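S.K.:
Residue numbers (UniProt numbering): 1 to 302.
(1) Using DSSP with H/G/I as helix, E/B as strand and the rest coil, what is residue 74?
(2) Which residues bound the alpha helix (DSSP H) around residue 238?
(3) Check each candidate in 30, 58, 176 and name the one with the smallest Cα separation from residue 114.
(4) Quick test of your reading: residue 180 and residue 135, contact by CB under 8 Å. State the CB separation rounded to the nearest angstrom.
(5) Residue 158 by DSSP, collapsed to three states: which one?
(6) Could you check whether residue 97 and residue 248 sit closer than 8 Å to each other, using their CB atoms as the reference points?
(7) Near residue 288, which residues of its chain fall below 7 Å by C-beta distance, leaving aside the five closest residues on each side in sequence?
(8) Which residues in the same chain have their Cβ closer than 7 Å to the Cβ of residue 238, if we skip the five residues on either side of it in sequence?
(9) What does a CB cutoff of less than 8 Å around residue 235 pick up in its chain, not counting 5 residues either side in sequence?
(10) Could you give the DSSP three-state label for residue 118: helix, strand or coil?
(11) Just mark residue 41 as buried or exposed, buried being the case when its beta carbon has 16 or more other beta carbons within 10 Å.
(12) If you follow the alpha helix (DSSP H) that residue 201 is part of, which residue opens it and which one closes it?
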């Protein structure tokens with residue numbers, strides 16, 4: 001191609017100006033919808049944040065100060081209520097029990113759920129569809145209907161009122177949603193990478209743990225956060241299957257703390273106990289919210 005020809009087909013930068021292009025403009029309806037959505041979000045933020053701030057400020061007050069000035073600041077900012085909740089009401093022991101139960105259950109449900117979802121999504125095994133639909137059916141089964149059967153099952157296994165029994169129950173109820181959520185992630189992964197791992201001599205276990213599982217990291221992070229929130233705040237299962245006070249978790253401790261004192265509740269210590277209970281959830285969500293947003297955007301783009 002000659003120099004003259006190249007010069008003839010060269011695009012003039014001035015011709016790419018935006019004068020002839022239509023720029024999208026917000027219509028009146030778009031502005032109305034945007035304004036309404038922002039207004040609803042602002043109201044919802046106030047509804048969520050104000051009670052939390054009120055509880056946080058109340059955790060530094062005495063019960064007398066809370067009733068005398070519910071919305072005022074405390075006269076003395078001290079941590080006596082937190083000490084009372086942590087030591088006198090045994091929230092330290094219940095916090096440790098909760099960390100053990102939720103931590104072990106979360107690890108087990110993530111490993112088992114990922115392995116089950118991988119097999120169901122990547123291999124055409126006899127009955128795999130039936131197993132998948134049974135997992136979906138588990139999502140529709142109300143928890144309270146399983147309390148009585150679970151009670152007798154754990155009693156027969158010698159695990160009633162124990163932390164291992166609570167861990168097994170948590171895993172059983174979190175597994176269906178974990179498999180359902182991760183199924184689509186493993187299904188969307190390219191088969192060429194799996195075949196390349198086989199060609200390089202990797203077995204099924206190595207292919208799963210070193211190749212396929214890291215590729216599903218966004219989905220793993222998202223479902224781990226969801227499972228953590230659900231298991232940490234679980235109330236019905238522990239209150240029904242764990243009546244030994246030495247093995248109480250935080251949700252049971254909160255209910256017991258509020259009901260045991262009757263009308264002589266130490267509201268300052270109770271507010272401090274609420275803060276102790278919700279702080280780990282907030283910390284985990286703040287630390288991993290980017291992974292959650294990334295997994296959602298990746299899932300929608302697929």
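Idealized CB from N, CA, C, for every residue including glycine.
The structure displayed is predicted, hence computed values, not measured ones.
M.R.: So, from the listed chains and residues:
(1) Within the chain shown, numbered from 1, the residue matching residue 74 stands at position 74. Reduced to three states, the DSSP call for residue 74 is coil.
(2) Here residue 238 refers to the residue found at position 238 of the chain shown. Counting along the chain, the alpha helix (DSSP H) containing residue 238 begins and ends at 236–241.
(3) Residue 114 sits at position 114 when you count from the first residue of the chain shown. Here the closest residue by C-alpha is 176.
(4) The sequence position of residue 180 within the chain shown is 180, counting from 1. The sequence position of residue 135 within the chain shown is 135, counting from 1. Indeed, because the Cβ distance is near 6 Å, the residues count as touching under 8 Å.
(5) Here residue 158 refers to the residue found at position 158 of the chain shown. DSSP places residue 158 in the coil class of the three-state scheme, outside both helix and strand.
(6) Translated into positions along the chain shown, residue 248 becomes position 248. Translated into positions along the chain shown, residue 97 becomes position 97. Annotated as proximal: residue 248 and residue 97, with beta-carbon spacing under 8 Å.
(7) By 1-based counting over the chain shown, the position of residue 288 is 288. Within the same chain, 221, 225 come within 7 Å of residue 288 by CB-CB distance, once the 5 residues on both sides are set aside.
(8) Within the chain shown, the letter at position 238 stands for residue 238. Answer for residue 238: 166, 249, 251, 252, listed in chain order.
(9) Residue numbering aside, residue 235 sits at position 235 when the chain shown is read from its first letter. For residue 235, where only same-chain residues beyond five positions count, the Cβ hits under 8 Å are 251, 252, 255.
(10) Taking the chain shown and counting its residues from 1, the one referred to as residue 118 is at position 118. Three-state DSSP puts residue 118 in a helix.
(11) Sequence index remark: in the chain shown, residue 41 carries index 41 (1-based). Around the CB of residue 41, fewer than 16 other CB atoms lie within 10 Å, so the residue is classed as exposed.
(12) Locating residue 201 in the chain shown gives position 201, counting from the first residue. Per DSSP, residue 201 lies in no alpha helix (DSSP H) and is assigned neither H nor E.
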